[in-house]
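Comments concern the structure below.
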Amino acid sequence: MNKLLLGRYLPGDSWLHRLDPRTKLMASFYYIAIIFLANNWQSYLMMFAATMVMIAASKLNLGFFLRGVRPMIWLILFTVALQIFFTKGGPVYWSWGWLAVTQFGLTNGAFIFLRFVLIIFVSTLLTLTTPPLALADAVESLLRPLRKIGVPVTELALVLQIALRFVPTLMDQTTKIMNAQRARGVDFGTGNLFQQMKAVVPLLIPLFVDSFGIAEDLATAMDARGYQGGDNRTKYRILQYHPRDGYAGLAMVVLTVALVFLRA
Amino acid sequence: MDITFDHVSFTYQAGTPFAGDGLKDVTTTIRDHSYTAIIGHTGSGKSTLLQHLNALLKPTQGTVTIGDLTITPETNNKHLRPLRQKVGMVFQFAENQLFEQTVAKDIAFGPKNFGVPEAEALALAERMVQLVGLPEEVLAQSPFDLSGGQMRRVAIAGVLAMQPEVLVLDEPTAGLDPAGRAEMMTMFAELHRTQGLTIVLVTHQMDDVADYADSVLVMDRGQLVRQGTPREVFAETEWLRAHSLGLPKTAVMAEQLAARGFQFDPLPLTADQLADQLLPQIGGAAHE
Amino acid sequence: MLPAIAVSHLNYQYPDAERLALHDVSFTVAPGEWVAIIGHNGSGKSTLAKNLNGLLAPAAGTVVVGGLTLSESTVWDIRAKVGIVFQNPDNQFVGATVADDVAFGLENRGVPREEMLVRVADALDAVGMRDFATREPARLSGGQKQRVAIAGIIAQRPDIIILDEATSMLDPAGRTEIVQLIQRLRATTQLTVLSITHDIDEAASADRVILLNDGEIRTVGTPAEIFAFGPELLKLGLDVPYPEKLKAALAARGVAMPAHYLDAEGLGDYLWTLHSTM
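Protein chains in written order, with my numbering: chain A, 667 to 930; chain B, 2 to 289; chain C, 38 to 315.
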């Protein structure tokens, strides 16, 4: 379970940690979008430098970010290989039948690689510096206008919040049931595909049964505490923009302008 | 089959919620046919210790010897299966592990994993259901239609069906009512007596330790801080209090009576022992 | 004075069940009183708790809480007056952090945020969990989780708190923690406490004990009156307090023992008298 980096929050008090989650969420999406504007060495280099500055501002170890790339590495290499072998143009360095490595291919491959890495770095940065709960708040707050067209935003946010809250509980339960079944002679993660699938049944069924039990208990507890849904609820946790959120926005504008000038 | 811990340390990977709940230099032997109780606070390393008894965890340092098998930090996971059959584990809230369509199939699940043919495993299930005191009708029922207490018994039957030599019980009576608790503890004592099972019991109930165990291990912050017979361990009343570990109710009562001038030697641990020692001091039955 | 809870001739039957889970249950609880309801698993204790605030709808009979008769139109007002702490500390935690969870009930009732901040902080102070306000539930012990659950209830300022086997999944330290907390809260507030339990020590802290057996009230009395039942408690699937066990062991050895309940102190006195007159 330790390998799971996605959605893992590392507490800290850096400037980035303190940004409003809405700012971070919007800026991350925006940043990922403008990465696609980069199209030459200069523009990619600038985006790379900007990403490094942000990582430095988070005061987090670069190793965490590199580890975020690892689970994606095969997908990345596959895409890069496609680019290298199938992009035609410029001097040909190597060819075999319909496959050819050209200068354009190599450059495009490098750009694609960089784009992947930057996107992974930025999304990792978002989840490492923002507690999941704050992200859920941000999503709710940003989606709130959709309430006007009948989307149950508050309910969805509560669902998301409860789901986040039960992740550790269910992980714990999974470990316990796995241990119990291992003690009864089940080998998880060995044997052929069929055997492995068979081994999952004694884990999944108890986990489902347990989850239904939790859901029922939780529904009862919520009922008892006066939960009736609807929009008459007040909120304990509220989000507030600060001047630093303005600076972050401004930085995005500056970056965009620079990018437009640098791209070919 | 003895289980021996030789300078066993275990560290969880840093960053997990369990960090700190490891083991530090534990050396002890759990003797064949003994009834050993493990006590200590939540987070004292009791569950980590338990998981070493059937190699669900392997030591980071030191060795665990289970029967003729020695587990070192380097031991390959592939050779551990025969061991799991010899050391049966009943985890806390064991009813959570049930999953089959019928009680019979669920009980037969363990033995089948260890290579017992289906028909034989189902025959075992029939015997085990009786052994844990459930009516035969439940065999064909879904485990999920039973009461919580019955489900726990089915889970225990499922572990017993593996015919282990050592039965490890992690707070087996948690959540049961007093009658259910008493029945279950009597059942384990019977198994210990009639089947010669070695029993390792993790519990917070000091009365159960006093009533059933012949050996006690006390864990504190990953270390084995005391070991001995219940009488030896419970004699250190001050030390136990300082570690807020609690005492059997009899020991507390005996202490109060001693403060008035009664005398006890050795320290009584059960109501019967206390009554026996009180009898001559209050003039016995002839008092009227 | 109006009783905090008045239940009369309450029946309840689960759908598909053959017999009544509760049969003709009547009792009253005075404001500020601590009443323990004891009985073996399946005796109807938790069913009773859920009938008191409309989580289950009675088949017959009436439930009156603080003068309000339980009905569809009063159910939410009654839930505001009655807080329940449930058995499993994990499964009642709604909020992702301690403070959020305490605030949940207040959010449901539309309490303005400024007031919420004060009430959440006060409630966490009252249960001694203020330092844990931003912690996640997964990082707390069972006892701490139940303390947070209690904070969530007292933040709503209810008249009645029901502990529905709230200590049964805790270790002895956690159990003591909760019982002491309730005793402390009772010393400073007018809280009425209804504790559903089979822990004999928890029942001993109550003013009165209702003994439930197979869905019916077997008897009602002070803890001493109930504990004097001795061996019959064992037959009903319950435990007896330790002095009763020792009494039984001595009686079996032919020593004359008084019939009424003695606590450890009382039993010590009695034995010492025997010793002195030897």
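Cβ atoms here follow ideal geometry from the backbone N, Cα and C, with glycine treated the same way.
Using a Cβ cut-off of 7 Å, pull out every chain C residue sitting near residue i, in sequence order please.
i, result
"residue 47 (chain B)", "Residues of chain C passing the Cβ test: none, with the nearest at roughly 11 Å."
"residue 247 (chain B)", "209"
"residue 903 (chain A)", "137"
"residue 186 (chain B)", "Those within 7 Å of residue 186 (chain B) in chain C number zero; the least Cβ separation is about 13 Å."
"residue 835 (chain A)", "127 and 175"
"residue 254 (chain B)", "279, 283 and 301"
Checking the sheet assignment: what are the DSSP bridge partners for residue i?
i, result
"residue 253 (chain C)", "C:250"
"residue 43 (chain C)", "C:65 and C:101"
"residue 183 (chain C)", "Partner(s): none; residue 183 (chain C) has no beta bridge."
"residue 49 (chain C)", "C:59"
"residue 7 (chain B)", "B:64"
"residue 229 (chain B)", "B:217"
"residue 90 (chain B)", "B:169"
"residue 71 (chain B)", "B:66"
"residue 765 (chain A)", "A:762"
"residue 233 (chain C)", "C:74 and C:201"
"residue 38 (chain B)", "B:202 and B:217"
"residue 24 (chain B)", "B:11"
"residue 122 (chain C)", "C:200"
"residue 245 (chain C)", "C:72"
"residue 30 (chain B)", "B:5"
List the whole-angstrom C-beta distance separating residue i from residue j, where the pair is believed to meet the contact cut-off of C-beta under 8 Å.
i, j, result
"residue 102 (chain C)", "residue 88 (chain C)", "With 8 Å as the limit, residue 102 (chain C) and residue 88 (chain C) do not qualify as a contact, their Cβ atoms being about 11 Å apart."
"residue 820 (chain A)", "residue 730 (chain A)", "Wrong, their Cβ atoms sit about 33 Å apart, outside the cutoff."
"residue 252 (chain B)", "residue 290 (chain C)", "With a Cβ gap of about 20 Å, residue 252 (chain B) and residue 290 (chain C) do not count as contacting."
"residue 41 (chain C)", "residue 239 (chain C)", "With a Cβ gap of about 19 Å, residue 41 (chain C) and residue 239 (chain C) do not count as contacting."
"residue 98 (chain B)", "residue 156 (chain B)", "6 Å"
"residue 91 (chain B)", "residue 171 (chain B)", "7 Å"
"residue 278 (chain C)", "residue 247 (chain B)", "Residue 278 (chain C) to residue 247 (chain B), Cβ: 16 Å. No contact."
Is it true that the CB of residue j sits closer than 8 Å to the CB of residue i?
i, j, result
"residue 680 (chain A)", "residue 723 (chain A)", "yes"
"residue 189 (chain C)", "residue 139 (chain C)", "yes"
"residue 377 (chain B)", "residue 54 (chain B)", "The first residue shown for chain B is 2 and the last is 289, placing residue 377 (chain B) beyond what the model contains."
"residue 182 (chain C)", "residue 260 (chain C)", "no"
"residue 93 (chain C)", "residue 62 (chain C)", "no"
"residue 687 (chain A)", "residue 905 (chain A)", "yes"
"residue 169 (chain B)", "residue 154 (chain B)", "no"
"residue 68 (chain B)", "residue 2 (chain B)", "yes"
"residue 700 (chain A)", "residue 788 (chain A)", "no"
"residue 227 (chain C)", "residue 69 (chain C)", "yes"
"residue 925 (chain A)", "residue 712 (chain A)", "yes"
"residue 709 (chain A)", "residue 916 (chain A)", "no"
"residue 174 (chain C)", "residue 130 (chain C)", "yes"
"residue 122 (chain C)", "residue 203 (chain C)", "yes"
"residue 108 (chain B)", "residue 120 (chain B)", "no"
"residue 86 (chain B)", "residue 763 (chain A)", "no"
"residue 755 (chain A)", "residue 770 (chain A)", "yes"
"residue 231 (chain B)", "residue 255 (chain B)", "no"
"residue 177 (chain B)", "residue 185 (chain B)", "yes"
"residue 118 (chain C)", "residue 52 (chain C)", "no"
Please list the partners that residue i has in chain B, where partner means a Cβ-to-Cβ separation under 7 Å.
i, result
"residue 308 (chain C)", "258, 279 and 283"
"residue 274 (chain C)", "178, 179 and 180"
Can you list the residues of chain A that residue i reaches, using a CB-CB cut of under 9 Å?
i, result
"residue 129 (chain C)", "883, 884, 886, 887, 888, 890 and 891"
Residues of chain B with CB under 9 Å from residue i, in chain order?
i, result
"residue 909 (chain A)", "Residues of chain B passing the Cβ test: none, with the nearest at roughly 34 Å."
"residue 875 (chain A)", "97, 99, 100 and 145"
Below 9 Å on C-beta distance, what does residue i contact in chain C?
i, result
"residue 261 (chain B)", "305, 306, 308, 309 and 312"
"residue 190 (chain B)", "Those do not exist, as residue 190 (chain B) stays about 18 Å from chain C at its closest Cβ, beyond 9 Å."
Using a cut-off of 8 Å between C-beta atoms, extract the partners of residue i located in chain C.
i, result
"residue 143 (chain B)", "In chain order: nothing, as chain C lies at least about 15 Å away."
"residue 688 (chain A)", "Ordered by position in chain C, no residue passes the 8 Å Cβ test against residue 688 (chain A), which lies about 18 Å from the chain."
"residue 831 (chain A)", "130, 131, 132, 133, 173 and 174"
"residue 59 (chain B)", "Ordered by position in chain C, no residue passes the 8 Å Cβ test against residue 59 (chain B), which lies about 26 Å from the chain."
Which chain B residues sit within Cβ distance under 8 Å of residue i?
i, result
"residue 286 (chain C)", "272, 273, 275 and 276"
"residue 79 (chain C)", "148"
"residue 60 (chain C)", "Residues of chain B passing the Cβ test: none, with the nearest at roughly 20 Å."
What in chain A is Cβ-close to residue i, meaning under 8 Å?
i, result
"residue 98 (chain B)", "843, 846, 847, 850, 868 and 872"
Give the interface partners of residue i over in chain F, defined as CB-CB distance under 9 Å, in chain order.
i, result
"residue 42 (chain B)", "In the structure shown, chain F cannot be found, because the protein chains are A, B and C."
Please list the partners that residue i has in chain A, where partner means a Cβ-to-Cβ separation under 7 Å.
i, result
"residue 131 (chain B)", "None at all; the shortest Cβ gap to chain A is about 20 Å."
"residue 55 (chain B)", "849"
"residue 148 (chain C)", "900"
Next item on the list: Give, in chain order, every residue of the stretch 160-190 of chain C whose Cβ lies closer than 7 Å to some Cβ of chain B.
Entry: 175, 176 and 178
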